[in-house]
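Everything below concerns the one structure shown next.
Number of protein chains: 2
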Amino acid sequence: VIVGEAKKKTKAEIGPEGVVARIVTAANEAVSAAGLRLKNVTAVGIGAPSPASPETGIVFNAPNMAGWIDVPLGEMLGQKLALPVVVDNDVNLGTLGEFVLGAGKGCSNMVGVFVGTGVGGGLILDGQLVRGARYAAGEVGHTVIVPDGPLCGCGKRGCVEAFASRTAIEREVRAALAEGRPSVLADLMRDDNDRLTSGTIKQALDQNDALMTEVMAQVQYYLGLLAGNLVNIIDPEMIVFGGGVIEALGDGFLEPIRAIARPCFLSQRDVDRIRIVPATLGDHAVVLGAAVLARTQG
Amino acid sequence: VIVGEAKKKTKAEIGPEGVVARIVTAANEAVSAAGLRLKNVTAVGIGAPSPASPETGIVFNAPNMAGWIDVPLGEMLGQKLALPVVVDNDVNLGTLGEFVLGAGKGCSNMVGVFVGTGVGGGLILDGQLVRGARYAAGEVGHTVIVPDGPLCGCGKRGCVEAFASRTAIEREVRAALAEGRPSVLADLMRDDNDRLTSGTIKQALDQNDALMTEVMAQVQYYLGLLAGNLVNIIDPEMIVFGGGVIEALGDGFLEPIRAIARPCFLSQRDVDRIRIVPATLGDHAVVLGAAVLARTQG
Numbered sequence: 288v289i290v291g292e293a294k295k296k297t298k299a300e301i302g303p304e305g306v307v308a309r310i311v312t313a314a315n316e317a318v319s320a321a322g323l324r325l326k327n328v329t330a331v332g333i334g335a336p337s338p339a340s341p342e343t344g345i346v347f348n349a350p351n352m353a354g355w356i357d358v359p360l361g362e363m364l365g366q367k368l369a370l371p372v373v374v375d376n377d378v379n380l381g382t383l384g385e386f387v388l389g390a391g392k393g394c395s396n397m398v399g400v401f402v403g404t405g406v407g408g409g410l411i412l413d414g415q416l417v418r419g420a421r422y423a424a425g426e427v428g429h430t431v432i433v434p435d436g437p438l439c440g441c442g443k444r445g446c447v448e449a450f451a452s453r454t455a456i457e458r459e460v461r462a463a464l465a466e467g468r469p470s471v472l473a474d475l476m477r478d479d480n481d482r483l484t485s486g487t488i489k490q491a492l493d494q495n496d497a498l499m500t501e502v503m504a505q506v507q508y509y510l511g512l513l514a515g516n517l518v519n520i521i522d523p524e525m526i527v528f529g530g531g532v533i534e535a536l537g538d539g540f541l542e543p544i545r546a547i548a549r550p551c552f553l554s555q556r557d558v559d560r561i562r563i564v565p566a567t568l569g570d571h572a573v574v575l576g577a578a579v580l581a582r583t584q585g
Numbered sequence: 288v289i290v291g292e293a294k295k296k297t298k299a300e301i302g303p304e305g306v307v308a309r310i311v312t313a314a315n316e317a318v319s320a321a322g323l324r325l326k327n328v329t330a331v332g333i334g335a336p337s338p339a340s341p342e343t344g345i346v347f348n349a350p351n352m353a354g355w356i357d358v359p360l361g362e363m364l365g366q367k368l369a370l371p372v373v374v375d376n377d378v379n380l381g382t383l384g385e386f387v388l389g390a391g392k393g394c395s396n397m398v399g400v401f402v403g404t405g406v407g408g409g410l411i412l413d414g415q416l417v418r419g420a421r422y423a424a425g426e427v428g429h430t431v432i433v434p435d436g437p438l439c440g441c442g443k444r445g446c447v448e449a450f451a452s453r454t455a456i457e458r459e460v461r462a463a464l465a466e467g468r469p470s471v472l473a474d475l476m477r478d479d480n481d482r483l484t485s486g487t488i489k490q491a492l493d494q495n496d497a498l499m500t501e502v503m504a505q506v507q508y509y510l511g512l513l514a515g516n517l518v519n520i521i522d523p524e525m526i527v528f529g530g531g532v533i534e535a536l537g538d539g540f541l542e543p544i545r546a547i548a549r550p551c552f553l554s555q556r557d558v559d560r561i562r563i564v565p566a567t568l569g570d571h572a573v574v575l576g577a578a579v580l581a582r583t584q585g
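Note that the protein sequences, when read in sequence, are chains V and W. Using our numbering, you'd call the opening residue of the first sequence number 288 and step up by one each time. Using our numbering, you'd call the opening residue of the second sequence number 288 and step up by one each time.
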């Protein structure tokens with residue numbers, strides 16, 4: 288259970304020392320909100336937007352945080368808090384959270400796919416997070432699905448993320464609007480300083496906007512192919528779809544994904560054993576996963 | 288070590304009872320060749336071209352063996368031989384063989400990719416074969432890489448197998464020859480009753496045949512993308528490429544695959560830790576994997 292919460296912007300530009308100070312402030316606020324003190328805390332878990340080692344607490348290279356290379360986040364934070372700290376990749380922790388406390392409860396093999404600004408993922412096999420030889424496993428969004436497809440943030444072409452992330456959705460919508468395609472999105476995005484949020488996507492779909500429906504059908508198509516590919520490689524019991532976009536659109540959005548994925552399964556035996564379901568922990572998946580990790584390893 | 292060998296055609300069309308009788312004959316011949324008798328044997332391992340359960344010995348559905356659905360191969364063979372028999376998918380066993388006794392010796396996470404008539408695969412994580420919720424894991428050849436690509440034997444379009452298998456290579460070569468493209472393959476394939484064997488592929492490449500070189504560069508491209516995708520999902524220590532095509536062409540054939548795969552890795556940290564290597568056991572990978580399984584579980 289979550290007994291207290293606090294939230295702060297990362298402000299990566301102030302550098303690791305400054306960010307750690309902000310994390311310490313947030314930790315103190317969260318503990319206060321729970322009516323506790325830091326000395327009541329047994330261990331701390333933290334997720335980083337980067338490959339990271341739970342063994343050493345080092346954050347390797349956060350692509351969206353300039354200058355964050357080989358930062359010993361676990362050690363820095365552990366000294367300030369005088370508590371054991373375990374560090375992991377944030378999406379791994381989201382996957383672990385959903386596995387232990389959310390949609391994946393009770394299964395032992397699952398893949399988490401998180402659709403937001405990017406498309407991240409995590410793997411659980413035999414009840415354990417698969418971190419990989421370089422702590423880089425689970426990046427299912429960066430599998431190429433169309434070799435000559437649109438440019439991805441990672442520099443490759445045609446990754447799943449280049450089709451299915453909120454960033455990709457916004458790119459498609461902007462291109463269509465620029466071509467003069469009529470859509471409620473022209474107005475809805477203006478209200479939002481021109482950003483296409485997950486909420487706006489939902490609003491446009493609810494109004495049966497033709498452009499939004501078409502763009503999201505393409506997203507479902509590529510996520511369905513991804514799910515099919517993951518089943519043929521891993522054959523998990525469950526694929527859990529989470530992240531802002533999925534959260535906003537709900538289980539109904541997954542039905543076409545299931546319909547596209549299922550015929551892709553090479554083995555058509557026991558197809559119903561593979562469940563494709565929405566995440567249930569929302570924004571809390573990562574912190575709950577961090578708590579699970581801290582409890583077991585901290 | 289292999290102390291005795293015997294080989295027989297499967298003759299799937301005679302049905303499970305008949306095939307089991309042929310396996311028993313082959314087993315007796317192999318034991319004789321080793322100067323032993325069946326009572327000297329401790330356990331038997333067998334690979335099936337189908338998803339199969341090592342727990343129950345049931346072979347679920349062999350796509351290339353009509354009528355082989357839910358065949359209790361382990362039980363049938365165990366009764367005839369009066370020995371413990373363990374059954375698994377043949378490519379899983381090939382992967383296990385390479386892992387324990389071949390190219391993967393000493394690592395703990397690897398993916399096997401076998402390029403022959405089709406493109407099969409197997410996964411080892413944390414030293415264990417990953418079989419999947421339905422014994423269907425490791426089918427890396429049936430991941431879609433070009434959604435509108437050529438038809439695959441599995442019914443989908445644009446699977447890796449539809450680009451990189453010997454069957455796909457032969458399709459491309461035939462199409463080019465039919466269009467009147469000049470190539471030494473026109474003659475070489477005639478010598479072989481029009482079949483394009485792995486040996487013929489090598490011969491044509493050795494003669495710097497432009498058509499063969501072009502077709503194989505495409506194979507390398509798609510296998511490179513597959514390797515990149517597998518690294519981003521699994522982050523294994525090693526990808527072992529085996530099967531008839533790779534065996535015929537050797538390590539030189541893998542260099543372009545490595546060159547295509549590496550820039551695809553999302554994490555560019557410790558890129559050299561991911562080794563992409565040829566299998567070393569050749570035809571013996573599956574039987575050696577079967578022996579390993581029989582020793583540990585039989």
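Positions of the beta carbon are idealized from the N, C-alpha and C atoms, including for glycine.
Chain W has a Cβ within less than 7 angstroms of the Cβ of histidine 429(V).
By a beta-carbon distance limit of 8 angstroms, glycine 361(V) contacts valine 374(V). Their separation comes to about 4 angstroms. Per DSSP, arginine 421(V) is not a residue of any alpha helix (DSSP H), being assigned neither H nor E. In the DSSP assignment, phenylalanine 450(W) falls outside any beta strand (DSSP E) and within the unbroken alpha helix (DSSP H) covering 448 to 451.
Secondary structure at isoleucine 432(V): coil, using DSSP grouped into helix, strand and coil.
For a cut-off of 8 angstroms, the C-beta gap from methionine 499(W) to leucine 464(W) is around 11 angstroms, too long to register as a contact. Distance between histidine 571(V) and leucine 510(W), taken at the CA atoms: about 39 angstroms. Under the Cβ criterion of 7 angstroms, proline 543(W) is not counted among the residues facing chain V.
For the stretch 435 to 465 of chain W, the beta-carbon criterion of a distance under 7 angstroms to any beta-carbon of chain V is satisfied by Cys441 and Lys443. Against chain W, a Cβ distance below 8 angstroms from arginine 477(V) picks out nothing, because the smallest value is about 34 angstroms. Classified as exposed, arginine 324(V) has fewer than 16 neighbouring CB atoms from the shown chains inside 10 Å of its CB.
In the DSSP assignment, asparagine 480(W) falls outside any beta strand (DSSP E), carrying neither H nor E.
Residue pairing for isoleucine 563(V): DSSP places it in a beta bridge opposite Ile526(V). In summary, the residues of the stretch 326 to 343 of chain W whose CB is separated from some CB of chain V by less than 7 angstroms are Pro338, in the order they occur in the chain. Neighbourhood of alanine 423(V) in chain W, by CB distance below 8 angstroms: Val518, Asn519, Asp522, Phe552, Leu553, Ser554 and Arg556, in chain order. For aspartate 375(W), the enclosing beta strand (DSSP E) begins and ends at 372 to 376. Interface criterion not met: the Cβ of phenylalanine 528(W) is under 7 angstroms from no Cβ in chain V.
In this structure the stretch 560 to 577 of chain W touches the stretch 513 to 529 of chain W; the number of beta carbon pairs closer than 8 angstroms is three or more.
Within 10 angstroms of the beta-carbon of threonine 329(W) lie fewer than 16 other beta-carbons, which makes it exposed. Arginine 309(V) and glycine 334(V) have their C-alpha atoms roughly 15 angstroms apart. By the C-beta density criterion, glycine 467(W) is exposed, having fewer than 16 other C-beta atoms within 10 angstroms. Within the stretch 323 to 359 of chain V, the complete beta strand (DSSP E) segments at least 3 residues long are 331 to 335, 346 to 348 and 356 to 358, listed from N- to C-terminus. Residue Pro336(W) holds the alpha-carbon nearest to the alpha-carbon of leucine 380(W) among Val402(W), Arg477(W) and Pro336(W). Cβ atoms of glutamate 385(W) and valine 527(W) come within 8 angstroms of each other, at about 5 angstroms. Counting only residues of its own chain and dropping the five nearest sequence neighbours on each side, glycine 302(W) has a CB closer than 7 angstroms to the CB of Gly354. Listed by position along chain W, the residues whose Cβ is nearer than 8 angstroms to that of valine 433(V) are Val433 and Pro434.
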